[in-house]
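Going by the working numbering, the first residue of the sequence shown is number 24, and it counts up by one from there.
Reading through the structure tokens given below for one structure.
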Amino acid sequence: MRWLRTFGEVVRSGLTIEETRLEPLLALRTAAGVALVIGPALWLVSPAYAASAALGAYSAGAATFQRTWRPRKVIALGAGASLALSTFVGYLAAGRLVTFLPLLAVWAFAAGMAWALGSTAGIVAATTVGAMLVTITLPTSVGRALEHAGVIALGGMAQALLILLFPIRRWGAHRDALADALAAVADHARRLRHDPTAPFDPEPLMTARDAAAVTPSQARTRPPVLHGPRGLAERILPVVAALADPDVGAPAEGPGRDRARELLDAAADVLDAAARSIRRGTPAEVPPRSADVLRVDEEREVLEGPARQAAERLVELLAEALEIAGSGGARDKPPTAPDPASAQFLVRPTMFRLLPVVVRAVRRELRRDSPVFRHAVRLAAVATLGYLIASRLPVGHGYWAPIASVMVMRPDFHRTYARAVGRLAGTLAGVALATGMVRAVGPDAHLFGALAVVSAALSYTLFRTGYAYSQCFTAAYVVFLLGMGGQAWEQTVPERVVLTLLGGALAMLAYGVFPAWETPRLPGRLADWLAADGHYAAAVLRGYAEPTREHRADMRKALLASREARAAWQEAYDRAKQEPVRPRGLTSREAQEALKGFDRAAMLMESHVPRADRRFAPEAERFAEALEADTARAADDVREHRNPDWGRVEEALHVWEGATGDRNPVLRRGVELQKRALDNLATAVSRTPLERDVGSAREEQRVRAAVAAEGDGSSPAHRDG
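Here it is, written out as structure tokens:
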């Protein structure tokens, strides 16, 4: 039953229309690149060369739509070169299964391991496998194979040339990432007005940091407005959280709470204005009411103590945001030349220095429990098996089966199955649409070439609205290309439908036989997050004990490591919820909420770390050591399904409570919140297996009852106890 319910969710996901902003200008430019190579090839050479050129241009153009921070023209050139290489190498081994199948297996395995470098590299690498399967049927000699490889590379060059000549929203993705980070902090500030303990998802800040990493050549041309606002958002986040929190900031009720709500609302307005300014490159105006709220009156200010300190700090930071919002991108300011020795920007390796990075990334994933490694094994097995089965069937174009498998397979269960459903639905619709047009207009290579360009443009336009809808026009594009090459639709269309169904079934079966479930990996992900959070909290405490520049640097490094561990947990948790396997031995939601509370307490303390080089709380150093040691040991306990223990933390806290002297109120309350969060975590992970199974079953029943009640319009009955 769980598999049936999961498969129903997969079908809905595969056919869902994603709400996203369309980019018709980008689609038009990329489709023009396809037309730029199809037209001359048809006119000067032959339909076969036009098909090769169209494959290179289309695939290179599709690669530029992936989420990446490198220049688009570099991605197009790299995709075209990779497609050309796979075509030529594939032709050399084609002709006999004894030589081609091992090459296909090795190439598919390497394409699967490319996911270690990110989704863009993995998708482009999978495309090269498809190119190898299709284009080896076109040449008739080694010389012709070289010509076809060159024509395919020419398609990638055409796309790169158009990107160079007609740039659209240069640095647009980087601007969007930074604007999204500022907008996320603004949204968090608004939510804090009504929920002072509202959680914050750090993903937009992590994405902005990833986008900020540039090569030295990119740093010389990066707009000045992209240099500093990310750090501003990082500094504002803990301050607004500390201001809103009733434990360390404004009181829960009264004039102080009203003043905090005004400041949070004004902060959201300023951050939204800065986000719009960066996204559009135009000056943005902040409402005068918000600017008035940000003026702190020394005599009439109702906030006191830590809350007042947080308010004053917030006003200072928002003054910088106001300057950004009024600059409109600072177009009149020349970019500052970066100094590589001073590391003023986050360094991204150049293409020539990327090889060692690639080797290290792939080496880290060469282990049996790695999802990337298991994906590479599945990809190699399915590609070769699909090609072998299709070659034995009484149909032509057997390569459609392995192509369908390769293009839908992903390292996780949900996306693989959803894309298989989407590809089948899109293929059926696209083939039916294109077939009707082919039958209506009759054989005409030039007309089919024009229809292929139109289909490519529509596919690019719908690229981010859902795989099924983009795949519909991709299927039509392929049918028109085959018609341009002289293939009869009666021969190609039914075969492609059957073989696409076969390829999708093989991809889904492969994941069921050799899965990479995230559910059993949840304890390890949670342990990594706990250890990283413990290190971050200890770094914050050391900042109180001795607020030096070195400790601030350690705190920043620990914060980034904590966010990465949290993101890895969240990704695994989201995938596990979509898997048809039942979690065992871990109350995931309760443990997640406990660690979020622990992380939030450390962030609240971070907002009030002293800035002067003086010892503030020497006892904090001993508590930091105890906290770091206990969380590291507890992380091992979570991995081994043992009950964690906070003995050192309790002892250090007891000694600290008995010490003389006044402790900082924010530090005191933050430590109490951390201890409470650790106790909640121990409760979530310290149950017996029977209790955990019963608890999971009861939680699932409560969720079902709540969903049913919502559907009936009623509310669940209240039960005491």
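Glycine included, every Cβ here is placed at the ideal spot set by N, Cα and C.
Bear in mind that the values here come from a model prediction, so they are computed numbers and not experimental data.
Inset, instruction - Name the one or two DSSP bridge partners that Val237 has. - result: Taking the sequence shown and counting its residues from 1, the one referred to as residue 237 is at position 214. Paired residues: Val370.
Legend entry - Leu701 versus Leu618 - alpha carbon distance: Locating residue 701 in the sequence shown gives position 678, counting from the first residue. Locating residue 618 in the sequence shown gives position 595, counting from the first residue. Straight-line Cα distance between these residues: approximately 8 Å.
Legend entry - Host alpha helix (DSSP H) of Asn123 (start-end): The residue labelled residue 123 in the question sits at position 100 within the sequence shown. The question names Asn, but residue 123 in the sequence shown is Phe. Counting along the chain, the alpha helix (DSSP H) containing Phe123 begins and ends at 120 to 136.
Legend entry - Three-state class that DSSP yields for Arg598 in the structure shown: Numbered from its first residue, the sequence shown carries residue 598 at position 575. Residue state, collapsed to three classes: helix.
Inset, instruction - Can you say whether Glu680 is buried or exposed, counting buried as having 16 or more other CB atoms within 10 angstroms of its CB? - result: In the sequence shown, the residue the question calls residue 680 occupies position 657. Looking at its Cβ environment, which holds fewer than 16 other Cβ atoms inside 10 Å, Glu680 is exposed.
Legend entry - Simplified DSSP assignment, three categories, for Glu42: Here residue 42 is taken as the residue at index 19 of the sequence shown, counted from 1. Correct three-state label for Glu42: coil.
Inset, instruction - Check whether the region 561 to 568 touches the region 429 to 437, counting contact only when three or more Cβ pairs, one atom from each stretch, lie closer than 8 Å. - result: no
Inset, instruction - Return the residue from the list Arg634, Glu41, Leu408, Arg52 that minimises the CA-CA distance to Leu120. - result: By 1-based counting over the sequence shown, the position of residue 120 is 97. Closest by alpha carbon: Leu408.
Inset, instruction - Just confirm the distance between the C-beta atoms of Asp659 and Asp556, as a whole number of angstroms; I'd bet it's less than 8 Å. - result: Here residue 659 refers to the residue found at position 636 of the sequence shown. Here residue 556 refers to the residue found at position 533 of the sequence shown. Actually they do not touch by this definition, with Cβ atoms about 15 Å apart.
Legend entry - Helix, strand or coil at Gln89 [DSSP, three-state]: The residue labelled residue 89 in the question sits at position 66 within the sequence shown. Here Gln89 sits in coil by DSSP.
Legend entry - Contacting residues, own chain, Cβ-Cβ under 7 Å from Leu474 (five flanking each side not counted): Position 451 of the sequence shown, counted from the first residue, corresponds to residue 474. Closer than 7 Å at Cβ, skipping near neighbours: Met460, Phe503.
Inset, instruction - Jot down the residue ranges of each uninterrupted alpha helix (DSSP H) in the region 435 to 475, minimum 4 residues, whole runs only, in chain order. - result: 436 to 464
Inset, instruction - Check the C-beta distance from Thr439 over to Met531 and give it rounded, since I have them as a contact under 8 Å. - result: Indexing the sequence shown from 1 puts residue 439 at position 416. Indexing the sequence shown from 1 puts residue 531 at position 508. Yes, Thr439 and Met531 are in contact; Cβ-Cβ is about 7 Å, under 8 Å.
Inset, instruction - With a floor of 4 residues, list each alpha helix (DSSP H) that falls wholly inside the region 130 to 209, ordered by position along the chain. - result: 142 to 158, 165 to 188
Inset, instruction - Could you pull out every unbroken alpha helix (DSSP H) segment of at least 4 residues lying fully inside the region 374 to 406, listed in chain order? - result: 377 to 388
Inset, instruction - Return the first residue and the last residue of the alpha helix (DSSP H) that Tyr567 is part of. - result: Here residue 567 corresponds to residue number 544 of the sequence shown, with the count starting at 1. 545 to 568 is the extent of the alpha helix (DSSP H) around Tyr567.
Legend entry - Residues near Leu49 in its chain [Cβ-Cβ closer than 6 Å; skip 5 each side]: One-based indexing of the sequence shown puts residue 49 at position 26. Result list for Leu49: Ile191, in chain order.
Legend entry - Three-state secondary structure assigned by DSSP to Ser630: Here the question's residue 630 lines up with position 607 in the sequence shown. Here Ser630 sits in coil by DSSP.
Inset, instruction - Going by CA-CA distance only, name the one from Val381, Leu38, Glu644 that's closest to Val678. - result: Stepping through the sequence shown from its first residue, residue 678 is reached at position 655. When only C-alpha atoms are compared, the closest one is Glu644.
Legend entry - Gly304 in three-state terms, based on DSSP: For the purposes of this step, residue 304 is identified with residue 281 of the sequence shown, where counting begins at 1. Reduced to three states, the DSSP call for Gly304 is coil.
Legend entry - Simplified DSSP assignment, three categories, for His217: Indexing the sequence shown from 1 puts residue 217 at position 194. In the structure shown, His217 sits in a helix (DSSP, three-state: H, G or I).
Inset, instruction - Helix, strand or coil for Arg579, going by three-state DSSP, please let me know. - result: As a working mapping, residue 579 is identified with position 556 in the sequence shown. Helix, per DSSP.
Inset, instruction - Enumerate in chain order the residues of its own chain whose CB-to-CB distance from Leu481 is below 7 Å, with the five nearest sequence positions on each side excluded. - result: Here residue 481 refers to the residue found at position 458 when the sequence shown is read from its first residue. Excluding residues within five positions, the ones whose Cβ falls inside 7 Å are Phe496.
Legend entry - Met507, buried or exposed, once every other Cβ within 10 Å from all chains shown has been counted against 16: To locate residue 507, count along the sequence shown from 1; it is residue 484. Taking all protein chains in view, the Cβ of Met507 is crowded by 16 or more other Cβ atoms within 10 Å, so the residue is classified as buried.
Inset, instruction - Would you check if the distance between the CB atom of Arg253 and the CB atom of Ala176 is smaller than 8 Å? - result: Along the sequence shown, read from residue 1 onward, the residue named residue 253 stands at position 230. Along the sequence shown, read from residue 1 onward, the residue named residue 176 stands at position 153. For Arg253 and Ala176, no; Cβs fall outside 8 Å.
Legend entry - Between the CA atoms of Leu45 and Leu215 - distance to the nearest angstrom: Along the sequence shown, one-based indexing puts residue 215 at 192. Along the sequence shown, one-based indexing puts residue 45 at 22. Cα-Cα distance, rounded: 32 Å.
Inset, instruction - Between the Cα of Pro667 and those of Ala614, Thr458, Ala297, Asp292, spot the shortest distance and give me the residue it belongs to. - result: Position 644 of the sequence shown, counted from the first residue, corresponds to residue 667. Check the Cα spacing between Pro667 and each of Ala614, Thr458, Ala297, Asp292: the tightest is with Ala614.
Legend entry - Range of the contiguous alpha helix (DSSP H) that encloses Gly37: For the purposes of this step, residue 37 is identified with residue 14 of the sequence shown, where counting begins at 1. 25 to 37 is the span of the alpha helix (DSSP H), which, as asked, contains Gly37.
Legend entry - Span of the alpha helix (DSSP H), counted from its first residue to its last, around Met430: Here residue 430 is taken as the residue at index 407 of the sequence shown, counted from 1. Unbroken alpha helix (DSSP H) run through Met430: 423 to 431.
Inset, instruction - Pick helix, strand or coil for His211, following the three-state DSSP scheme. - result: Stepping through the sequence shown from its first residue, residue 211 is reached at position 188. Helix, per DSSP.
Inset, instruction - Kindly indicate which three-state DSSP category Asp668 falls into: helix, strand or coil? - result: Counting from 1 along the sequence shown, the entry for residue 668 is found at position 645. Here Asp668 sits in coil by DSSP.
Inset, instruction - Could you check what DSSP says for His21 in three-state terms: helix, strand or coil? - result: With the chain running from 24 to 744 in the structure shown, residue 21 is simply not present.
Inset, instruction - Go ahead and pull the three-state DSSP assignment for Arg487. - result: Taking the sequence shown and counting its residues from 1, the one referred to as residue 487 is at position 464. Of the three classes helix, strand and coil, the one that applies to Arg487 here is coil, per DSSP.
Inset, instruction - With a threshold of 16 other CB atoms inside 10 Å of the CB of Thr11, please say whether the residue is buried or exposed. - result: For residue 11 there is no data in the structure shown, the boundaries of the chain being 24 and 744.
Legend entry - Other residues of its chain near Pro357: CB distance less than 6 Å, five sequence neighbours each side excluded: Here residue 357 corresponds to residue number 334 of the sequence shown, with the count starting at 1. Unreliable placement is indicated for Pro357, whose pLDDT of 38 sits below 50; the coordinate value is still reported in the next sentence. Hits under 6 Å: none found.
Legend entry - Exposed unless 16 or more other CB atoms sit within 10 angstroms - verdict on Trp26: Along the sequence shown, read from residue 1 onward, the residue named residue 26 stands at position 3. Per the 10 Å Cβ criterion, exposed.
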